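Asker: Protein chains in written order, with our numbering: chain A, 669 to 757; chain B, 14 to 372. In this text, a Cβ means the ideal position worked out from N, Cα and C, and glycines have one as well. Remember, it's a predicted structure, so these values are computed and weren't measured experimentally. Just passing along the structure, written as structure tokens.
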Ligand code: FES
């Protein structure tokens, strides 16, 4: 199946494709609501604080506190397990 | 490379520190003595080792998990599969005689664990049912809390002891569970890799969790050499590391490895916050010392969700026959860690050191 050259395809000196950049779009960011626990955030998302300043995502998958009890907000620190939080979702 | 005979009493080996083999731990009884003599070439055949093992089996102690001789021997045998032992030929890793000895000793340990740790009951064996059962199991764990002791009461010496005790496993943190990666498939495999990639710093050697732990050791003026304090710790601490290798190295126990990892991650965030607080209470507030603990608060709050639902839960659906082993592996983790922690607290309450050798 012939395809248009992709802007990031790499060719060798004969012009033949040496490496073809993936056509698969980057996976969409996802939010996973953990029962009685945090929201897991995976993928490329723009996290901002209330003043619009970027919040650095320290690892590819982060857990956002939704019980309100974490000592390291916005991240979850496991406190939801001892403060009786129920997500009711 | 010039070939010289390696004196076994000198732990230093050439090469960069992070890849150096473990200094050969000192034997603690007849099995270990025969094993070390064999590994260092002082004995030619395995007859003495087999005889020592037979004698041990014939006179069982109250607990193999607290038997210094057997736990030392197992640790050495397992270490052949990790970074090796200083002055010991790597070819011993797959020596059939040593594997036979290891199988015998592992049989003793596994039989005791199967007797002392029942499989937790679980009516709902779906993905969410198994995850919920794991959360309940870890919440019901009532082992005495080492982390609370450290947060509120530990002295400087006790905190140093704690890091020494932890160093046996934490300097190879994540490695025993990584053995399960090629033994899983599908969503469970992807979940395990997601957790382990983070354990290994997401590609940054300085963020690897065992590297962060090494930094904490240095912060307390301790030696971060791999295996440096194996001789200092009691059998119960060796056992908690050996149980992970016992599970990790055997495909038939992959369910137990998954359960063990899940329980480990699910009992980590809150205790690590307390450990960090204890260090700060004692004036260790520099980031290089506390980063390991603070990092685990946030990281393991993520890992526990992935481990319970995506790893253990998916494995339960992909391989339903493994559900009991998953739950048992989690229960074993809680029990073995609990026994080792209780022993340390008992020593501290009595005003004694929890170590075998002074620092
Ligand atoms: S949701 Fe985990 S601490 Fe709030």
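1) Tell me whether residue 192(B) sits in a helix, a strand or coil according to DSSP, three-state version.
2) Who sits around the ligand FES, taking every residue whose Cβ is closer than 7 Å to one of its heavy atoms?
3) Just to confirm, does residue 102(B) get its C-beta within under 6 Å of one of the non-hydrogen atoms of the ligand NAD?
4) Of the residues 153(B), 168(B) and 332(B), which one's Cα is nearest the Cα of residue 366(B)?
5) What is the C-beta distance between residue 739(A) and residue 708(A), in whole angstroms, given that I count them as a contact (C-beta under 8 Å)?
6) Cβ atoms of residue 178(B) and residue 238(B): under 7 Å apart, would you say?
7) For residue 265(B), which three-state DSSP category applies?
8) Strictly below 7 Å CB to CB, what residues from chain B border residue 711(A)?
9) With burial defined as no fewer than 16 other Cβ atoms inside 10 Å of the residue's Cβ, what is the status of residue 32(B): buried or exposed?
10) What are the boundary residues of the beta strand (DSSP E) that residue 698(A) is part of?
11) What residue range is occupied by the uninterrupted alpha helix (DSSP H) comprising residue 165(B)?
12) With a threshold of 7 Å between beta-carbons, can residue 314(B) be considered close to chain A, or not?
13) Counting pairs of beta carbons, one from the region 139–154 of chain B and one from the region 202–213 of chain B, are three or more of them closer than 8 Å?
14) Can you check whether the CB of residue 180(B) is closer than 7 Å to the CB of residue 288(B)?
15) List the residues of chain B that residue 846(A) touches, going by C-beta distances under 8 Å, in chain order.
16) Output needed in chain order: residues of the region 208–221 of chain B with a Cβ under 7 Å from some Cβ in chain A.
17) Between residue 754(A) and chain B, is any beta-carbon pair separated by less than 7 Å?
18) For residue 71(B), count neighbouring C-beta atoms within 10 Å of its own C-beta (all shown protein chains included) and say buried if the count is 16 or more, exposed if not.
Answerer: Well, looking at it:
1) Coil, per DSSP.
2) One residue after another in chain order, those with a Cβ under 7 Å from a heavy atom of the ligand FES are 705(A), 706(A), 731(A), 733(A), 734(A), 735(A), 736(A), 737(A), 738(A), 744(A), 745(A), 746(A), 747(A), 748(A), 753(A) and 314(B).
3) With respect to the ligand NAD, the structure offers nothing, as its ligand set consists of the ligand FES.
4) Checked all of 153(B), 168(B) and 332(B); the closest Cα to residue 366(B) is 168(B).
5) That pair is no contact at about 19 Å.
6) The answer is no: Cβ separation not under 7 Å.
7) DSSP places residue 265(B) in helix when its eight states are reduced to three.
8) Residues of chain B with a Cβ closer than 7 Å to the Cβ of residue 711(A) do not exist, since the nearest Cβ in that chain sits about 12 Å away.
9) Exposed: under 16 other Cβ atoms inside 10 Å.
10) Here the beta strand (DSSP E) through residue 698(A) covers 698–701.
11) Here the alpha helix (DSSP H) through residue 165(B) covers 159–165.
12) It does: the Cβ of residue 314(B) has a partner Cβ on chain A nearer than 7 Å.
13) In short, these stretches do not touch, since the Cβ pair count stays below three.
14) Residue 180(B) sits away from residue 288(B), with the two beta carbons spaced by 7 Å or more.
15) The structure shown has nothing for residue 846(A), since chain A only spans 669 to 757.
16) Of all residues in the region 208–221 of chain B, 211 and 215 have a Cβ within less than 7 Å of some Cβ in chain A.
17) No, its Cβ sits nowhere closer than 7 Å to a Cβ of chain B.
18) Residue environment analysis places residue 71(B) among the exposed positions, since fewer than 16 neighbouring C-beta atoms fall within 10 angstroms of its C-beta.
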